[in-house]
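Residue numbering for the sequence shown follows numbering that gives the first Met the number 0, starting at 0 and increasing by one per position. Note that beta-carbon positions come from the ideal geometry of N, C-alpha and C, so glycine has one too.
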Amino acid sequence: MTDLLIIVAALFAIAAGANDGSSILAAGLRVPGLRPMTSISILLGAIVVGPLFLFGTGVAGTLTHRLVPFSLSGSGKAALLAAALAALCVIFALNRAGLPSSLTLALIGAIAGAGIGSGLPVSRSTLMEIVALGLLAPLLAMVIAFGIARIALRALEGSQVTRRTRTLHVVAFALQCLAYSANGGQKMLAVSAVAVGAVSGSLIGNPWWLVIGVAMLFGIGVLTGLRRISATLSQGVLAVHLRHALVAETSSFAVVMSASLIGVPLTMSQSVAGALVGVGVSEARNRIRWSEVIRILGAWLITLPASLVVAALIAAAMRWK
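Have a look at this one:
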């Protein structure tokens, strides 16, 4: 059971890279200022530095203790295995369709479903809190991006990109990566920590070798999913220029980092997509390709219930085997 859970945890980290990592890079992928490999290096560095030196593992503790108390016993690991498998199945299906799904909603739904199928207690209040904030995240990012764009976007217009604007882009991207490290990156750490036994009660251990290993697997996922998902965000939703990337990165940082401070997990892809819509609407509504927005929204809406049902079925089958 432990060996299988470790394998699934590794696959989960790769899926996170293909989903969240690609979305983080999407806004600035086709604008000057950062090369792709430099951007990836900054992101992976943030994933390592965050839990080891800056933010701790509060969000990971929410996933392994507050929602469903996963123990290191056989039943606890079996339930988490069912949750991770279910989340992987749903994320894989949506990624194959080129849709940036919500990894948080997939994992939250899967954890709740696995708890139900395994007969473990599920905190309904925690579930509703996470789901509500997860659904609000893109709306908040959209509003923040719209406000920033209205105030500052004119100063960033023009055919010639200034050195100051490029510097701001690099700073905003680095902050966005740190926000992901404080939040989304801990979803991977939560699954991996239970798999290797680095959990004590509600506390998540963060041994350096585990954090670095998770970051390496995440990087593999980024490379495999970058073209497909980033094309959806950078081309499908909005034709991104440097000023759009700068506002989107700043807005998504604000939303995700705020959630991290209260230990609530969010998916960066939601905030990035919402921010791109907000900055696009600030210029003109017809700049947004609304058909793509509807496709992405539809994928988000089915992610949690689909993951919940699949995880409940897998956990029940494992329980009664």
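When C-beta atoms of the stretch 44-60 are compared with those of the stretch 114-124, fewer than three pairs fall below 8 Å, so the two segments do not count as touching. Three or more beta-carbon pairs drawn from the stretch 274-286 and the stretch 241-253 are found closer than 8 Å, and the two stretches are therefore classed as touching. Between leucine 303 and glycine 108, the beta carbon gap of about 4 Å places them in contact (Cβ cut-off 8 Å). Every alpha helix (DSSP H) stretch that sits fully inside the stretch 167-222 and reaches 4 residues is listed by chain position as 184-195. Sixteen is the threshold: since fewer than 16 other Cβ atoms of the shown chains lie within 10 Å of the Cβ of glycine 297, the residue is exposed. DSSP, reduced to helix, strand and coil, places isoleucine 150 within a helical segment of the structure shown. Counting along the chain, aspartate 2 sits inside the alpha helix (DSSP H) bounded by residues 1-15. Within its own chain, the residues whose Cβ lies closer than 6 Å to the Cβ of arginine 318, once the five positions on either side in sequence are excluded, are Ser117, listed in chain order.
The C-alpha of glycine 49 is placed about 7 Å away from the C-alpha of leucine 177. Taking a contact to require three or more Cβ pairs closer than 8 Å, the stretch 75-92 and the stretch 210-218 do not qualify as touching.
Nearest C-alpha to aspartate 2 among Gly196, Ile287, Phe54, Pro35: Gly196. Its chain contains Val7, Leu10, Phe11, Ala14 as the residues whose beta carbon lies nearer than 8 Å to that of leucine 87, once the 5 sequence neighbours on both sides are disregarded; these appear in chain order. With contacts defined by Cβ atoms closer than 8 Å, alanine 105 and glutamine 269 do not form a contacting pair. In the structure shown, the three-state DSSP call for tryptophan 319 is coil. In the DSSP assignment, proline 35 falls within the unbroken alpha helix (DSSP H) covering 35-48.
By the Cβ-count criterion, methionine 36 is exposed, with fewer than 16 other Cβ atoms from all chains shown falling within 10 Å of its own Cβ.
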